[in-house]
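First comes the structure, then the notes that go with it.
Protein chains in written order, with the numbering used here: chain U, 1 to 240; chain V, 1001 to 1103.
So this is what it looks like as structure tokens:
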């Protein structure tokens, strides 16, 4: 039961991934990788921004330290998410399951898991991650093999799917709680400043997200402590 | 790309990414005691999503009018508490239609 609840919650993520990884597949082949190589990258990494940067580095023949440092910079936000998620896990998440499931702790999986009431266990998390990983790999294969078949107007429009999902996760709790509204607003304003102010534009996308999340969450925790639930039972649910 | 070079790159990429995700989950077993850290971790998902969405969403479709239409559609339906799939699909349709007429 918990598995299928998770699986259902993962379907919109899987559909969003299908379109994003489709674009990745097209790009990988256009940069000289075989379709099998493109699929292997998606299967072993399961991360959008990191893969795109990695693809560019390997096709220009960059060094391995540069590759490692780039992945660390872009993906360090996952450490923050894993720390936050560690507080949501129930006792069914023993070490082997932690080792396996952390493989698929993407931005979207983290967001949906965090929005659940109370604790989450391994059945739910396997259900939640299976669809998105399959969608990510399948989309890469389709893009690599048949990328030219869809008109650009359609693949372009699909690019907003993931963001639509993010908006749907944030708005209900933001509507219900002033504290969440303030924290999100701080984060968004900072994100825009880092993106658009010339003297801050040296900050990479990965660090932009980390800086905004850490500063906004710390300010919120300091100035506007949330009505913290014991065991998270009062948390607002983002899903219907 | 040659397979030997490919595997080296992919192992470094995947290894670094996995360790970043795995180490905190494997290491942190108990409930954090500090109220401040609890509150901080409570806000992290929302702050992360805010920073990931804005301003990046406006360059996600290759058409600014399309992206704005998609954001408006998602914001209205999301505010009403519609499900993730509904909101994501509506954003795509709005972006597609607006890009067709306005770009």
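Quick reminder that beta carbons are idealized off the backbone N, C-alpha and C, glycines included.
With 8 Å as the threshold, decide whether the Cβ of residue 1028 of chain V is near any Cβ in chain U.
yes
Skipping 5 residues on each side, what residues in its chain have a beta carbon closer than 7 Å to that of residue 97 of chain U?
122
Does residue 128 of chain U come out as helix, strand or coil in the three-state DSSP assignment?
Of the three classes helix, strand and coil, the one that applies to residue 128 of chain U here is helix, per DSSP.
Below-8 Å beta-carbon distance, residue 193 of chain U vs any chain V residue
no
Which stretch, first to last residue, makes up the alpha helix (DSSP H) that contains residue 1073 of chain V?
1064 to 1079
Which chain U residues sit within Cβ distance under 9 Å of residue 1010 of chain V?
37, 40, 41, 44, 45, 54 and 58
What does residue 1024 of chain V touch in chain U if you count any residue whose Cβ is under 7 Å from its own?
Going along chain U in sequence order, the residues near residue 1024 of chain V (Cβ under 7 Å) are 79, 82, 83 and 86.
As assigned by DSSP and simplified to three states, the class of residue 76 of chain U
coil
Can you list, in chain order, the residues of its chain whose CB lies under 8 Å from that of residue 134 of chain U, leaving out five sequence neighbours each side?
14
Own chain, CB closer than 8 Å to residue 38 of chain U, minus 5 neighbours either side, in chain order
24, 25, 28, 29, 140, 141, 143 and 144
Along the chain, where does the alpha helix (DSSP H) that runs through residue 200 of chain U open and close?
Where residue 200 of chain U is concerned, there is no enclosing alpha helix (DSSP H), given that its DSSP letter is neither H nor E.
In this structure, how does DSSP classify residue 1012 of chain V when only helix, strand and coil are distinguished?
helix
Quick one: does residue 134 of chain U have its CB under 8 Å from some CB of chain V?
no
Taking buried to mean at least 16 other C-beta atoms within 10 Å of its own C-beta, is residue 148 of chain U buried or exposed?
exposed
How should residue 65 of chain U be labelled, buried or exposed, when 16 other C-beta atoms within 10 angstroms of its C-beta is the threshold for buried?
exposed
Less than 8 Å separating the beta-carbons of residue 194 of chain U and residue 208 of chain U?
In contact: residue 194 of chain U and residue 208 of chain U (Cβ atoms closer than 8 Å).
Residue closest to residue 1071 of chain V, alpha-carbon to alpha-carbon, out of U:36, U:83 and U:158:
U:158
Can you find at least 3 beta carbon pairs, one from the segment 212 to 230 of chain U and one from the segment 1077 to 1085 of chain V, that sit closer than 8 Å?
no
Starting from residue 5 of chain U, trace the alpha helix (DSSP H) both ways and give me its first and last residue.
2 to 30
Could you compute how far the alpha carbon of residue 200 of chain U sits from the alpha carbon of residue 211 of chain U?
Answer to the nearest angstrom: the Cα atoms are 12 Å apart.
Closer than 8 Å to chain U by CB, residue 1033 of chain V
no
So with Cβ pairs under 8 Å, would you call residue 1068 of chain V a contact of chain U?
no
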